[in-house]
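So the structure is just underneath, and the comments pick up after that.
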Ligand code: ADP
């Protein structure tokens, strides 16, 4: 894979101070990414809906200083210094400095906030790291005004991936594929691309209600989770299955077959959890209420002949997915029934979004 394309190859402007603010979304995978090799190369291709309301807003103030060997930054999260977040960001800067050598010449002050709970399986790492990547790319654009929008987005996704794999899918929308796949034109292991084919109207403005079954921090971090796939007895079959599922969902998204969509998406969610159930050490990431909700969704689907379905991330929270034309009825179902299984009855209404926004 040619990553040299991401190293700036022309003299850059000189800028003393700059400040950029980006709002970038979280995303929810339909075909899951679980298993990687160094540096953040996925074992199979994945596809996600970009979200709209679950997002990070990050400002980075850059001020020129003597160039040093390591990136220098301060981090404020929701107005306060956040030591726990720093190691991931420090290793992100280390990984990207070959591609963004200019960052070593600036002191960076990062101010960030999320619209949803972090570290609980709603992919704050994806929105958090993609927001930093977009701020770096805004600086690069100021230093190199010739950079095109396409090149900027591609490099932003490439950088974001080095911080958190799924962050590569949080630059554009409404559907992003990350990972090289023979049936997806332009797809790559090193950056995410917008799903390149026309999507059926059934999937326009798709709804995602995130039911907060457990807002606490995940018992298994993403890094530990991905490592579980190294010695996993079913790993190779899983990677093959995921790639086959990506080919299938590409067709489903173009043709609009809702029943096939539901079957594939729910199977992917349960398979992801099955990988954790069958690894060693083994984990059960669902809670009793996760299962209650799944059964309620299945009952509702049958009783109402509905197209409601669920997906899960690597945690206990449930993403309820449904078409826009069922929004009113399903929101009522969520409020009257499913909310009872959520921590403090909390849930987040979201829908598919279009990606990063400069503020
Ligand atoms: P999640 O499911 O929320 O992605 P992870 O444990 O995988 O949970 O990732 C959480 C990590 O993502 C945090 O520890 C922090 O390093 C990073 N993160 C979350 N929000 C932000 C943010 N706004 N800015 C920078 N990093 C963030």
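In the numbering used here, the protein residues as written are 761 to 1119.
Just so you know, even glycine gets a beta-carbon here, dropped at the ideal spot from N, CA and C.
Pick from the options that is closest to residue i, judged by C-alpha positions
| i | options | result |
| --- | --- | --- |
| residue 815 | 777, 769 and 892 | 892 |
| residue 980 | 1069, 1015, 1035 and 852 | 1035 |
| residue 847 | 859, 858 and 833 | 833 |
| residue 983 | 881, 961 and 871 | 881 |
| residue 765 | 1049, 915, 862 and 808 | 915 |
| residue 987 | 932, 951 and 793 | 793 |
| residue 1102 | 940, 1086, 1118 and 1046 | 1046 |
| residue 895 | 818, 918, 960 and 934 | 818 |
| residue 943 | 901, 1009, 951 and 887 | 1009 |
| residue 1095 | 1107, 978, 897 and 1002 | 1107 |
| residue 857 | 877, 1100 and 827 | 827 |
| residue 797 | 991, 840 and 861 | 991 |
| residue 1074 | 1088, 838, 1003 and 1028 | 1028 |
| residue 804 | 967, 865, 976 and 1000 | 1000 |
| residue 949 | 802, 955, 956 and 872 | 802 |
| residue 966 | 1118, 1052, 1111 and 866 | 1111 |
| residue 862 | 876, 1065 and 824 | 824 |
| residue 1041 | 971, 844 and 993 | 993 |
| residue 776 | 1088, 866 and 850 | 866 |
| residue 829 | 860, 1049, 1076 and 871 | 860 |
| residue 1076 | 1117, 1043, 1088 and 1065 | 1043 |
| residue 976 | 938, 875 and 879 | 879 |
| residue 1012 | 1031, 978 and 963 | 963 |
| residue 876 | 935, 971 and 897 | 971 |
| residue 1016 | 961, 1086 and 1093 | 961 |
Run of the alpha helix (DSSP H) containing residue i, from where it starts to where it stops
| i | result |
| --- | --- |
| residue 901 | 884 to 903 |
| residue 911 | 909 to 923 |
| residue 1092 | 1087 to 1096 |
| residue 1080 | Per DSSP, residue 1080 belongs to no alpha helix (DSSP H); it is in the beta strand (DSSP E), 1078 to 1082. |
| residue 982 | 982 to 987 |
Boundaries (first-last residue) of the beta strand (DSSP E) holding residue i
| i | result |
| --- | --- |
| residue 816 | 806 to 824 |
| residue 1070 | 1069 to 1072 |
| residue 965 | No beta strand (DSSP E) contains residue 965, which DSSP labels as neither H nor E. |
| residue 873 | 866 to 874 |
| residue 837 | 832 to 837 |
| residue 849 | Per DSSP, residue 849 belongs to no beta strand (DSSP E); it is in the alpha helix (DSSP H), 846 to 856. |
| residue 937 | 935 to 938 |
| residue 767 | Here residue 767 belongs to no beta strand (DSSP E), and DSSP marks it neither H nor E. |
| residue 1108 | 1107 to 1111 |
| residue 954 | 952 to 954 |
Neighbourhood of residue i by C-beta distance below 6 Å, restricted to the same chain and skipping five residues each side
| i | result |
| --- | --- |
| residue 853 | 831 |
| residue 821 | 779 and 869 |
| residue 1109 | 969 |
| residue 789 | 806 and 808 |
| residue 1057 | 1068 and 1070 |
| residue 930 | 784, 785, 787, 886, 887 and 890 |
| residue 917 | 928, 931, 951 and 952 |
| residue 1022 | 1069 |
| residue 1025 | 790, 1069 and 1071 |
| residue 941 | 805, 947 and 1006 |
| residue 1090 | 1068 and 1082 |
| residue 1002 | 791 and 804 |
| residue 871 | 819 and 836 |
Beta-carbon contacts of residue i that lie in its chain and below 7 Å, excluding the five residues immediately before and after
| i | result |
| --- | --- |
| residue 889 | 852, 920, 923, 924 and 927 |
| residue 995 | 795 and 989 |
| residue 907 | 900 and 901 |
| residue 958 | 1014 |
| residue 838 | 873 |
| residue 845 | 835 and 837 |
| residue 956 | 944, 945 and 946 |
Cβ shell of residue i (< 8 Å), same chain only, five flanking positions each side left out
| i | result |
| --- | --- |
| residue 904 | 768, 770, 772 and 773 |
| residue 762 | none |
| residue 1122 | Outside the shown range of the chain (761 to 1119) lies residue 1122, about which nothing can therefore be said. |
| residue 1038 | 992, 993 and 994 |
Residues bridged to residue i (per DSSP)
| i | result |
| --- | --- |
| residue 785 | 815 |
| residue 778 | 822 |
| residue 797 | 801 |
| residue 791 | 807 |
| residue 971 | 1078 and 1107 |
| residue 1118 | 782 |
| residue 840 | 837 |
| residue 943 | BP columns for residue 943 are empty, so no partner. |
| residue 977 | Residue 977 pairs with nothing; no bridge assigned. |
| residue 932 | 1115 |
Ligand 3 heavy atom lying under 6 Å from the CB of residue i
| i | result |
| --- | --- |
| residue 996 | Within the structure as shown, ligand 3 is missing, the only ligands being ligand 1. |
- Item | Entirely enclosed alpha helix (DSSP H) segments - the region 991 to 1061, minimum 4 residues | Segments of the alpha helix (DSSP H) lying fully in the region 991 to 1061: 995 to 1015 and 1018 to 1037.
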